[in-house]
Amino acid sequence: MAWFASSLRSSCATDLSDQNLFAVSALTGLQAFDLMRQAACSVDPVANAYCYVEAVASSDPSSYYFYQLPLGQKVPQFTSGACNSCTKSLMSMYLAAL
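Residue numbering for the sequence shown follows UniProt numbering, starting at 1 and increasing by one per position.
Following this line, the structure appears as structure tokens:
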């Protein structure tokens with residue numbers, strides 16, 4: 001994905017400097033892809049299920065919001081901040097990516 005991001009930066013430099021929504025969104029997605037793939041494939045050892053699927057299926061959407069951070073989405077203020085093994089693992093992945 002790094003090659004695609006690099007190609008987009010050079011091919012769409014004007015659009016990116018003009019903050020064209022489509023160009024900026026495409027670049028953000030390309031830059032976040034590897035991290036998001038890693039996050040989506042993490043498994044909850046207790047439930048033996050994918051953490052992302054658990055977050056999406058939960059009646060409390062708080063955990064789901066954390067998966068959107070690499071795309072620049074903010075966590076809403078009303079988030080309860082579920083602190084389970086999946087969230088801890090996810091935050092560790094984000095820290096390592098910095």
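Glycine residues also receive a C-beta, built at the ideal position from the N, C-alpha and C atoms. All values derive from a computational prediction rather than experimental measurement.
Buried versus exposed, by CB contacts within 10 Å (16 or more), residue i
i, result
"F22", "exposed"
"S63", "buried"
"F78", "exposed"
"A40", "exposed"
"C86", "buried"
"A32", "buried"
"L8", "buried"
Extent of the continuous alpha helix (DSSP H) to which residue i belongs
i, result
"F4", "2-11"
"C83", "First-last for C83: undefined, no H or E at that position."
Nearest residue (CA-CA) to residue i, options the options
i, options, result
"Y67", "A26, A55, S59", "A55"
"S89", "Y50, P76, L16, S58", "Y50"
"R37", "L71, A82, P76", "L71"
"L80", "A96, S17, S58", "Residue identity check: residue 80 is Ser in the sequence provided, not Leu. The residue with the shortest Cα to Cα distance from S80 is S58."
"A2", "M93, L35, S17", "L35"
"S4", "L27, M93, M91, K74", "Reading the sequence as shown, one finds Phe at residue 4 and not Ser. Nearest C-alpha to F4: L27."
"S92", "S42, L16, S6, S17", "S42"
Q) What are the complete alpha helix (DSSP H) segments, minimum 4 residues, inside the stretch 18-62? A) Taking 4 residues as the minimum length, the alpha helix (DSSP H) runs contained wholly in the stretch 18-62 are 21-40, 51-57, in order along the chain.
Check your understanding: Would you call the stretch 12-32 and the stretch 46-61 touching, i.e. three or more CB-CB distances under 8 Å?
Key -> Contact fails: fewer than three Cβ-Cβ distances are below 8 Å.
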